[in-house]
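As numbered in our numbering, residues 1 to 182 make up the sequence shown, in order. Here's the structure, in C-alpha cells; my notes come after.
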Amino acid sequence: MLYSDQDIKIAGDKPSKDIQQNISKKAEEKTLSKAQIKAAKELGKTIARRFSADAEKFSSADETEDFDMLLQRRLLLSFTATVGFEQYCGDDALSGMAQKSFLDTLKKENAELYGSSADTGAFSFYYLAYRRGSEIDRRMGQTFAMLCSHDGDPVYQELGEALYCWFISVVRKTAAELGLTD
C-alpha cells in the first residue's frame with residue numbers, strides 16, 4: 001500500500017492531551033505491576049514449595065499405592081496451580097511471572113518433580129474440563145478419575161475433586177496474603 005505525503009502526520013514537540021494521559025496511565029500500570037511483581041514471584045515460589053512438600057509426603061507411599069494415581073495427583077495439583085495463578089493474579093503478566101517462578105523453583109529445588117509435573121496430554125484434558133465453566137471442581141474430579149484409569153469411580157472422582165478444591169484454596173489464600181487479590 002502506498003501512502004501520499006497528505007496521509008502522514010508529524011506530531012509536534014508537545015504531545016496531545018490524549019497521548020499524555022495514555023503515557024501517564026501506562027506509567028501507573030507499570031508502577032502497579034512493579035509493586036506486584038515481587039508478590040507474583042513469591043506466589044509462584046511458595047506454591048512450588050507447597051506442591052513439592054505434598055509430592056514428598058506422598059512419594060514414600062508403600063507398595064500397595066497406585067503409582068499412576070500418585071502421578072496424576074501431581075499433574076492435577078500442577079494444573080491447579082496454573083489456573084490458580086490465572087484466577088488470582090488479576091493480570092496476565094503477573095500470572096505468567098507466578099507460573100515462571102513456580103516452574104523455576106521446581107526445576108531448581110526438585111528437578112525430578114519438575115520433570116513429572118507437566119504432562120501436556122493430561123493438562124489438555126484438565127483444560128477441557130475447566131473451560132466448560134460450570135461445576136469445575138466436579139469436572140476436575142471426573143477427569144482425574146479418567147486419567148487414573150478409574151473412569152466413573154466415585155472414590156477417585158471425589159479424591160480428584162477434593163485435591164482440586166484444596167489446592168485452589170491454597171493458591172487463593174497465598175495470593176490474598178501477598179496482596180494479589182482483594
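Heads up, the beta-carbon is just placed ideally off N, CA and C, and yes, glycines get one too.
Is it right to say Thr174 is buried, meaning 16 or more other beta carbons lie within 10 angstroms of its own, or is it exposed? Numbered from its first residue, the sequence shown carries residue 174 at position 174. So Thr174 counts as buried.
First and last residue of the alpha helix (DSSP H) that includes Thr105? Residue mapping note: residue 105 aligns to position 105 of the sequence shown, counting from 1. Unbroken alpha helix (DSSP H) run through Thr105: Asp92 to Glu109.
State buried or exposed for Gly44, treating a residue as buried only when at least 16 other CB atoms are found within 10 Å of its CB. Walking along the sequence shown from the start, residue 44 turns up at place 44. Answer is buried; the Cβ neighbour count reaches 16.
Backbone CA spacing between Tyr164 and Asp91 [nearest angstrom]: Working through the sequence shown from its first residue, we reach residue 164 at position 164. Working through the sequence shown from its first residue, we reach residue 91 at position 91. About 22 Å.
Would you check if there are 3 or more beta carbon pairs closer than 8 Å linking the stretch 148-157 to the stretch 167-181? No, the stretch 148-157 does not touch the stretch 167-181.
Whole angstroms is fine: what's the gap from Glu56's alpha carbon to Met69's? Here the question's residue 56 lines up with position 56 in the sequence shown. Here the question's residue 69 lines up with position 69 in the sequence shown. Near 14 Å, if we compare the C-alpha coordinates of Met69 and Glu56.
Evaluate Gly141 with the Cβ neighbour count: other Cβ atoms within 10 Å of its Cβ, from every protein chain shown; 16 or more gives buried, anything less gives exposed. The residue you call residue 141 lines up with position 141 of the sequence shown. So Gly141 ends up on the buried side.
DSSP three-state label for Ala35, please. Residue mapping note: residue 35 aligns to position 35 of the sequence shown, counting from 1. The three-state reading of DSSP puts Ala35 in helix, counting H, G and I together.
Quick check on DSSP: helix, strand or coil for Tyr164? Here residue 164 corresponds to residue number 164 of the sequence shown, with the count starting at 1. Tyr164 falls in the helix class under three-state DSSP.
If Thr143 sits next to Tyr126, beta carbons under 8 Å apart, how far is it from one beta carbon to the other, in whole angstroms? Counting from 1 along the sequence shown, the entry for residue 143 is found at position 143. Counting from 1 along the sequence shown, the entry for residue 126 is found at position 126. Indeed, because the Cβ distance is near 6 Å, the residues count as touching under 8 Å.
Helix, strand or coil at Gly133 according to DSSP, with G and I counted as helix: If you number the sequence shown from 1, residue 133 lands on position 133. Reduced to three states, the DSSP call for Gly133 is coil.
For Leu128 versus Ala48, is the C-beta spacing smaller than 8 Å? Looking up residue 128 in the sequence shown gives position 128. Looking up residue 48 in the sequence shown gives position 48. No. Outside cutoff.
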